[in-house]
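Input: a single structure, listed below in C-alpha cells.
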Amino acid sequence: MLSWAEMKRLIVTADDLGLSPEMNEGILQAHRHGLVTSASLMVGTPHSKAAIDAARECPNLSLGIHLQFVQGQALSAAEDIKSLANEHGQLPDSVFSLMLKRPTQAELHK
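Numbering-wise (the numbering used here), the sequence shown opens with residue 350 and increments by one.
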C-alpha cells in the first residue's frame, strides 16, 4: 500500500465561485461528484454570500480568495481606493477600464 507521500494527487480548482447562482451550483455539483477539489471565491459579488453558505455544506471543498479588481463591489472603503472604484465603491466593468484608471500600487494592496 502506498503512503500519502508516495501517492500523487490531482488538485482541480474551479474559478469564480460567487459569480452567479449558476456558477455556484455548477462548482458545488462538480465537487459533490468528485471532479473539483477546491474553488476560488469572488467575495465582492451579489452572489458571494450564497456561495459561502452553500460551501459550508461541502466541508472537503478547499476555498481560496479570487482577487477581484473588476466587476463588482469593492470591499475596501471607496475613499481609500479612488483610482480603483467610483464614489459608490463599484469596481470598473472591464480590465480595459481598470487600466485606463491607472491604479496605484498602494491601492492594489488595500
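Glycine residues also receive a C-beta, built at the ideal position from the N, C-alpha and C atoms.
What first and last residue would you give for the beta strand (DSSP E) that runs through residue i?
i, result
"I414", "411-414"
"A388", "387-390"
Mind checking who residue i pairs with in its DSSP beta bridge?
i, result
"Q422", "Q439"
"T362", "S387"
Going by DSSP, what residue range makes up the alpha helix (DSSP H) through residue i?
i, result
"S369", "Unbroken run through S369: none, as it is neither H nor E."
"I430", "From DSSP, I430 is part of no alpha helix (DSSP H); its letter is neither H nor E."
"A354", "Unbroken run through A354: none, as it is neither H nor E."
"Q454", "454-457"
Here's a check: name, in chain order, each residue in its chain whose Cβ is nearer than 7 Å to the Cβ of residue i, leaving out the five neighbours to either side.
i, result
"T394", "G367, L368, G421"
"A400", "L366, G367, N373, L390"
Taking 6 Å as the limit between beta carbons, can you name the residues of its chain near residue i, skipping five residues before and five after?
i, result
"S411", "S387"
"S432", "K450, P452, T453, E456"
"L424", "G393"
Give me the Cβ distance between residue i and residue j, rounded to the nearest whole Å; I'm assuming they're in contact under 8 Å.
i, j, result
"L437", "A427", "Inspection of the sequence shows that residue 437 is occupied by His rather than by Leu. Going by Cβ atoms, the distance from H437 to A427 rounds to 7 Å, so yes, they are a contact pair."
"D365", "M372", "5 Å"
"L447", "V419", "5 Å"
Can you list, in chain order, the residues of its chain with a C-beta nearer than 8 Å to that of residue i? Leave out the 5 residues immediately preceding and following it.
i, result
"C407", "L377, H380, R381"
"A404", "L366, L377, A388, L390, L410, L412"
"P370", "H396, A399"
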